[in-house]
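Protein chains in written order, with the working numbering: chain A, 8 to 258; chain B, 8 to 299; chain C, 31 to 691. Input: a single structure, listed below in C-alpha cells.
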Amino acid sequence: MNILVCVKRVPLTGGKITLTEDEQAIQTRHLGFTVSPHEECAAEEAIRLIEQHGGESVVLTLGPPEAEEQLRDMMAIGIDRAIHLVSDGGEWDPQATAAAIVAAIEADGTAFDLLLFGNESADAGNYQVAVRVAQALRRPCVTGIKAITADGDSLRCEQEVAGGRDVYAVPTPAVVTVKEGINLPRYPSVPGRMRAKRKPLSASEPTRADARLEMVRLVLPPGSSKQAEVLGHGPEAAPRVVEILQEIGVV
Amino acid sequence: MALTLVFAEAEADELSQQAGVFAAGLGHDLQAIAFDPSETYAPAAWAQTLVGLAQERGATAVVGPGTDRGNEVLAHVAAKLDQPMAANCTSVTAGDPVTVVRTRWGGSLLEEARVHGAPLLLTAAPHAVAAAPFAEVEIVTVTDAAGELDRVVRVVERIPASTAGVSLADADVVVSGGRGVGSAEGFSVIEELAALLGGAVGCSRAVTSAGWRPHTDQVGQTGTKISPEIYIACGISGATQHMAGCKGAKRLLAINPDGEASIFASADYAVIGDLHAVVPAISAEIRKVRST
Amino acid sequence: MLATSLTLFTVRVRFLVALLRAGAPLTRAGDVGRRVEHEGTIVLGQRKLLARIGPGLIHAFIFWGFLVLGPTIVIAMIGAVSKHATFPWLGDQGWYAFLVDLFAVLVLIGVLCALWIRKVQRPRRFEGSHLGEADFILGLIATIVITLLLWHATRIALGLNEWPASSAPASDLLSHLFARDGLTRVLERVFVWAHVTTILVFLAYLPRSKHLHIASAAFNVWYGRTGAGGRLEPLRFDDPDVPEEDIRFGAGTSADLTWKQMLDTFSCTECGRCQDVCPAFATGKVLSPKLLIMGLRDQVFADGASIVTARAAADAGGGAAGADDAPALDLTALVPDAVPEESVWDCVTCGACVQACPVSIEHVDHIVDLRRHLVMVESSFPSEAEPMLRDVERASNPWGKAQSERGDWADGLGVRILESGDTAPEYLYWVGCASSFDERARTTAESTVKLLQKAGVDFAILGAREACTGDPARRMGNEYVFQAFAEQNVETLNEAGVTKIIANCPHCFNTLGNEYPDFGGHYEVIHHTELLARLVAEGRLTPKRSDALQVTYHDSCYLARHNDVLAPPRDLVAAVGEPVEMARSGKQTFCCGAGGAHMWMEERASAINENRVREAVDTGAGTLAVACPYCTVMLDDGVQSVGAEMRVADVATLLAESLQD
C-alpha cells in the first residue's frame, strides 16, 4: 500500500501570539517550527500502516524553503521520500493549496492507496483541503479519524463523536484526515535523522492562484492581554463563574 | 429576497441554532435544513443534497455550525461547487465581497478575510453568538442526485462510549486539584464539579507524589497535556511544570486563596478563596441554573 | 608450578589487554602531572579509601603490606629452592626484615578486621557483592602472611635467618613454638612451599576475580579524568573517517564500551562505596552504581572472546574492505540484559559515586552512554521526558515556552539586551531557561541583576538569542540535540565577542565552562555567587548581617562536587546571616533530585528532595539557601510536601534583601 501524507509547517507559538507589523503573519522571529500536530500523527499512522502492510510512504508539504526541515523530520521517523511544493511563505488559500496538491499527486504518478491529512492545520484551521483534494480526485473522504485498520481494499475508520465512536468502511483509494490522539508519534532516532538527510526529496515551485478566501489581516482577539478577570472572592463568586461557564457553552 | 440555507445537525442542536443566529447577520431569509433522523450520516451525500437545495432555490449563502460535521459537510459543498468556504467565523459583514472574521489557532487569533464566491459558504464558530430556536426546520432526506461515490462514506456502526467517561486529554472541561485540596478525600468536591460539567478530573504533580491521585490524572510537563475549552485549576500554585501541561487550554479559571499565586498570571478568570468553599458553591449554582 | 601459574596469569592478562584494545577509542592522554598526583594520592596515599577511616586503614595496611612484601615473593622463591640462599643484599637487611614482619602483622590484622566487618557488621554497601569470593581471597591473603611469618619463625628457630632475630619481633616470638629439630626443618620447607604455592595460586586466580583490581586499579586511576567532573565526553557524529554505520551512539552492547569503561569494570572491587552515597539508592530506586558496574563487567567478560575475535578478524582484513567480511557481532543488549532499564534512568548524575570510588570508576559516563544508546538509537526512554526533549529541540527551552518571551522577566529592570552587532559587555549574564521562565527561579535573576546594577557591573543579557545550553537533552542521552545547541550558542557567543559569562544555573555554568570548549567556545565562566562574593569582599556590595537569620546552605552537585565552588556561596551566607551546616555538605552534598534530567521525569519510590529537606529542617535553620534554580524548585516543593516551615531562597535573593534599607 502506498500512502501520501500532507503536512504543514507551523510555528510553535507557546505563549502569547504577537503579529508582524503588517498584520499579515505571526511574529516568528525566535520561534521554533513544527509539523501541525494532527499531521504529525498522520505521518506516524502512515509509517505504522506501511510497517504492517508494506509499500511506500511519501510526505508532501506546501511551504517555504525552510519547510524542508519538517519534511526531513517526517523522513527521520520513517517516511520514505518527500515532495516539497516550495512557496514564498505567503498564505495560500484552501482552494489553491488543494489544487497544488492535486497537481503534485498527478505529476508524481504514484498510485496512492491512501492520502492522509490532519483534520485541520494548527494555524489556519480551514477544515477543507483534504475534502477538496478527495473531490478533485474522485475519492471517498472521511475526516477526524482516531483509528484506522486496513483490511484488504477497505479501511475501517473510527471517528470520535458525542457518546461514542462512529465507524466508516471506506474503499481504497481514499482520503482520510486524522486527529491527534490516533497514535503517539515516535521520537526520532539519530540514525533515522541521518538517513533522512539522504532520502529523496523532489522540489518544485507551483504558481499560486488568486486567493478566493482572501486574508486581509490578522487580529488578536480581545482579552488576549492576559490579565486575569477576578470573578470574586470566596463562594460569592459562584454565580459569576457559572455565567462564564454558560458563555463558553459547557453548562 | 435572498435566501440563506442553514445546515442544522439537529433541530434542537445548540451550535446549529447559533449558526442560524449568526447567518441572520447577512440579512437574508433563513431556511434551516436538517436531515431526517433515519438518515445515516454520509457527509458527501448530505453535501450533494444541500447543493441541490441551494441551486434549486437560488440560495445566496449556505451556513453551518463550526462543528466537526458542520465543517465537513460545508467543505464538501464547497468542493462540489468549487467555491471558497470560510470555517469558524465569528462575524460576517455583507458587501461585495463579503468580509468575515474567522478564528485561527483554535481561537487564539482572528483573521479578517474576504470571501470571493457565490454562494457564500460559511460555518459559525461555536459560541460566537447566543443560540435562538429556529423558526422552522425543514427535514430532508438524501437526494437521488447523490452518486455512489457520495454514498459510500457513511456511518456503518456506532460504538458506544465506554463508561469510563471522557479522557483527560480529550475533555472539554478539566477540573484539577493541587496541594491545596489537602487529601485524597478532598477530591470529592473536584469530582462532583467535573461530573456536573461532563469533564475530567486532573491534578498537579504534588498530588500524585502525595499519592492522592494516580499518575494518569496528572496534568503537566511529565503528565497529560490537555486542551479543554476551560481548565478549572483549584488550589494549584501554577508551577512551570504544571503550566506546561495546560497551555493548550482555551481558558483558565484559577481558584486559589493566595491572591499572589503565580497561576493567576496565566489565568483568564480568578476566584480568590478556598476551593473547599468555592467549588461546592459553583456545583450548587450549576444545579440551581439547571433546575430552572 | 611457577610456569603454570605464570602461564595462567599471562594468558588471562593478554586476553584482557586484547579486550581493552578492542574497546571503543577514547583519548586519555596528557596531563601527566595530574595523573602522577592521582597515583600518589589515590593509589599510594589511599586517599579515597581513607575517607572512611576504619575500612580505609584496613585496606591501606593490606595494600601497603603488599608493596612492602612484594620482594619477599622472590626471596621466598629463592628460599624454596635453597634454604641457604637469599636475594642479594635485600635478603640480608635487618630493617627490611623489620618492615616485612611489621606489615605481615598489619596485613593479618587488616584481614581479620575485614572479615569482622564482612561477617559481623555486614554493612549495606556489600549487598549484591560477591561475598564468597571476597572471603576466599581474604583467606588466601591470610595464608600468605601466616605462612610467611611461620617460615621466618622456623628459620629463626633453625638459625637460618640472614638478619638479626630482633629485627623481626613477631617471627621471633613465634619461633619459640619451634625447637631446633628435624620437625622444624621439615616445617621450614613446608611453610616456604605453602607460601610460594599460595602466592602462585593467587597470581593465577587474581585476574579472574574481583581482585583483578590489584592489577588494573593503578592503570584505571592513571587514565581517570583529570578535568572537571561535570564534563561529558562528546560523541563525534561528523567524523569524515568514520562511516555512518560505525558511528558510536553511546553503548548498546559491550562492544560499544570504551577501553576505559572496560577497564572500569575490571577495576571494580565491589566495595559499595558508590552505592552508599547514591541518592537514588538511598531513596529506594533500582539503581545501585555498584551493581550496574558489576552487571556491565559480567557482560564484558561474557562477550569478551567474541569481541576480541571480531576485532582480530577486522584487523586481519585490513581496513574497510575487510571489515565487511568480518562476522557481525551479535551481542546481547546491555539494557536490559546486563543492567535493568530503570536503573539507567534513576541516576541524577550527581557524581557522588564517582567521587567515592577508590579506583576512579566513572559511573556517570557509563550511565550516560547507556542512555545515549537508548535515546538516540532505540528511542526508548521514560515517556514523560519526551515533551522536554521535543521542547528543547523545537522551542529552545525544556517547557516549550515561547522563546520570544525569554527576556520578559527583565522588562522594566533596565537590563541591556545584547543585540546582534552591539559592543560586548564585560560580563554576559547567561540567565538560563529556569530563571527566564520559571516563576520561582525568576526571583534569582531579578535579585542578581539588581545586585550587579548596584555594584556597577557592566553586563548584558542575550534575551531571545539565548537558547537552552542543551544540558537536559545531553544528560537525558540526546547528544545529537545537545551538540546542535552547543554549536548554535557558541556561534552566538563568539559572534557577540563574549569573553566572560555569569551563570546562575550550575547546569548552564558547567556546560558553558566545561563542555562548550569541546565545541569551540572558550569563555571565563563564573557562577553568580562567585562574582557576588567578590563584590562583597571588595566592598562594592555591603550587606547588613542579621544574627537572627539562621541559614543552611544546600550545595548544588554541579557547583560543589563537579566544579569545586564551595566557599563563595558560604561567604555570602555568612555575610547576611548565621550559617548552619548540614551533615552532607560541600563535596559530600546530597542531590536535590533534579539532576540528570530528573526535573522532567517522574520519581519512583521515596522522594530525594524530601530526604534532603528533612536534613535541612533538622539543622533548625529557618532558611534554606540554594544557588541553583532547579534546587530552588525541588527543595521548595520538598518543603511543601513534608509540611515544613522553611523558606527556600537563592543566595542572591538573600543578599539582595540584606541590602535593602
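All C-beta atoms, glycine included, are put in the ideal place defined by N, C-alpha and C.
Which residues does DSSP pair with residue i in a beta bridge?
i: A/S161; result: A/D158 and A/P178
i: A/S211; result: A/L92
i: C/F249; result: BP columns for C/F249 are empty, so no partner.
i: B/T100; result: B/T106
i: B/A277; result: A/V237 and B/A261
i: B/P167; result: A/G171
i: C/P194; result: None, per the DSSP bridge assignment.
In whole angstroms, what separates the C-alpha of residue i from that of residue j?
i: C/I108; j: C/P366; result: 51 Å
i: B/G124; j: A/Q102; result: 12 Å
i: A/F124; j: B/I243; result: 38 Å
i: B/T97; j: B/T110; result: 7 Å
i: C/V672; j: B/G266; result: 23 Å
i: C/G352; j: C/E275; result: Below a pLDDT of 50, predicted positions are generally treated as unreliable, and C/G352, at 44, falls in that range; no measurement from the model is reported.
i: C/G314; j: B/A217; result: 16 Å
i: A/Y134; j: A/W99; result: 14 Å
i: B/A26; j: C/F539; result: 57 Å
i: B/T47; j: B/V69; result: 21 Å
i: C/G607; j: C/L684; result: 9 Å
i: C/G527; j: C/T453; result: 8 Å
i: C/A127; j: C/L120; result: 9 Å
i: C/S413; j: B/G230; result: 9 Å
i: A/G117; j: A/E165; result: It is worth fixing the name first, because residue 117 of chain A is Thr in this sequence and not Gly. Straight-line Cα distance between these residues: approximately 27 Å.
i: B/I239; j: C/C463; result: 27 Å
i: A/S211; j: A/V140; result: 19 Å
Answer with buried or exposed for residue i, where buried requires no fewer than 16 other C-beta atoms within 10 angstroms of its C-beta.
i: C/D333; result: buried
i: C/P270; result: exposed
i: C/V405; result: buried
i: C/M612; result: buried
i: A/H60; result: exposed
i: C/N639; result: buried
i: B/V285; result: buried
i: B/G280; result: buried
i: C/P598; result: buried
Short of 6 Å in beta carbon distance, which residues of its chain neighbour residue i, apart from the five on each side in sequence? Order them along the chain.
i: C/Y253; result: R58 and K290
i: C/A350; result: Summary for C/A350: the model assigns pLDDT 49, below 50, so the residue's position carries little reliability, and this model does not support an answer.
i: C/A134; result: V175, L178 and L179
i: C/L38; result: A234
i: B/A9; result: H35 and T67
i: A/E127; result: Y134
Is DSSP giving residue i helix, strand or coil here?
i: C/F489; result: strand
i: A/E236; result: strand
i: B/A268; result: coil
i: A/E243; result: helix
i: C/L448; result: coil
i: C/N695; result: Residue 695 of chain C lies beyond the residue range present for chain C, which begins at 31 and ends at 691; the question has no answer from this structure.
i: C/E371; result: helix
i: C/M31; result: coil
i: C/A285; result: helix
i: C/T184; result: helix
Excluding five sequence neighbours on each side, which residues of the same chain lie with their C-beta closer than 7 Å to the C-beta of residue i?
i: C/P609; result: V581, Y583, R600 and V603
i: A/G70; result: K15, R16 and S94
i: C/S246; result: L293, F296 and S297
i: C/A494; result: Q433, S434, R436 and G437
Using a cut-off of 7 Å between C-beta atoms, extract the partners of residue i located in chain D.
i: B/T229; result: The question asks about chain D, but that chain is absent: this structure's protein chains are A, B and C.
Excluding the five sequence neighbours on either side, which residues of its own chain have a C-beta within less than 8 Å of the C-beta of residue i, listed in chain order?
i: A/I251; result: L238
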